[in-house]
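Numbering (the numbering used here), first residue to last: -3 to 286.
Cβ atoms here follow ideal geometry from the backbone N, Cα and C, with glycine treated the same way.
Model, not experiment: these values are computed from the prediction.
Below: the structure, in structure tokens.
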């Protein structure tokens, strides 16, 4: 990417961020003016429609599952706060009515989906709106007048963000670990079926080809074929259990690769290759009659 294109993209992001901030502040100013003297219905309805459309766009972008980006989260959080304050004022005509807790709920929701900086921006906008509306409605310009509301805003934002984001991070880490283990299991099985080279071999130096071979290896198809063969053996011979045992690379242990059995609980190994029935069967190299 050339420096000119990079600079143009930077300017574009800055302008978009400024536009989002200007739109949020403009709508916030409209809400403050509405607190002084309620807008006539002819003006209030278009403002409500604009807020609803903007919120619907932001929510739709979030629901699609793609990362909306910081600016989109900032815009959605600001619009949600402005819309909530506007609805509270329209419902109660003040900031001490029954619907005011909706502000705390709004902040909790924003802090759950948005990045911490976007959630803090929504919190700052909420405190600013609270102070401005209180100042124009009651004439109280004491900053400590909004302290109780601001304290609850901070608690709802911080607690929700900490708890939910910690849980999301834990689930993400667990799913990543589980996915890595599953990929490694498939790789091991693919190597066992000789569909991939051994680790450190020539194939290991070509990760792209390795991934393509892994995708096309047909490990699942081989598993199904082995299961079909084991079921056929079990039903034909009237066996209690039919299993395919696999040696590890060192040849010291066996593990159950596939299994068909009437028993509910069977340990899949590993077992020492030279012990017991397994050792006898391996040493004999043929059918073993007990």
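Residue i, enclosing alpha helix (DSSP H) - first and last residue
i	result
residue 106	97 to 109
residue 279	272 to 280
residue 134	112 to 134
Beta-bridge partners of residue i, as assigned by DSSP
i	result
residue 257	237
residue 249	268
Pairwise C-alpha distance: residue j and residue i
i	j	result
residue 251	residue 4	60 Å
residue 247	residue 226	23 Å
residue 265	residue 159	40 Å
residue 27	residue 6	32 Å
residue 269	residue 223	23 Å
residue 239	residue 253	8 Å
residue 56	residue 85	26 Å
residue 45	residue 111	27 Å
residue 135	residue 76	26 Å
residue 230	residue 220	15 Å
residue 98	residue 128	18 Å
residue 192	residue 107	Its pLDDT being 49, under 50, residue 192 is placed unreliably by the model, and nothing is read from it.
residue -1	residue 11	18 Å
residue 243	residue 280	16 Å
residue 29	residue 66	29 Å
residue 149	residue 174	37 Å
residue 179	residue 261	26 Å
residue 147	residue 170	34 Å
residue 80	residue 125	11 Å
residue 14	residue 217	55 Å
residue 168	residue 59	18 Å
residue 165	residue 9	28 Å
residue 96	residue 263	59 Å
residue 83	residue 130	16 Å
residue 249	residue 162	41 Å
residue 87	residue 17	26 Å
residue 157	residue 119	12 Å
residue 43	residue 52	14 Å
residue 31	residue 72	22 Å
residue 236	residue 272	19 Å
residue 24	residue 132	13 Å
residue 153	residue 21	21 Å
residue 115	residue 245	53 Å
residue 172	residue 276	42 Å
residue 41	residue 177	55 Å
residue 145	residue 123	8 Å
residue 19	residue 49	14 Å
residue 54	residue 69	8 Å
residue 234	residue 181	32 Å
residue 117	residue 155	16 Å
residue 241	residue 257	14 Å
residue 151	residue 39	35 Å
residue 74	residue 121	7 Å
Jot down the residue ranges of each uninterrupted beta strand (DSSP E) in the segment 10 to 83, minimum 3 residues, whole runs only, in chain order. none
Cβ contact check for the segment 92 to 105 and the segment 21 to 35: 3 or more pairs under 8 Å: no
Would you be able to state if there are at least three C-beta pairs under 8 Å between the segment 129 to 141 and the segment 93 to 108? no
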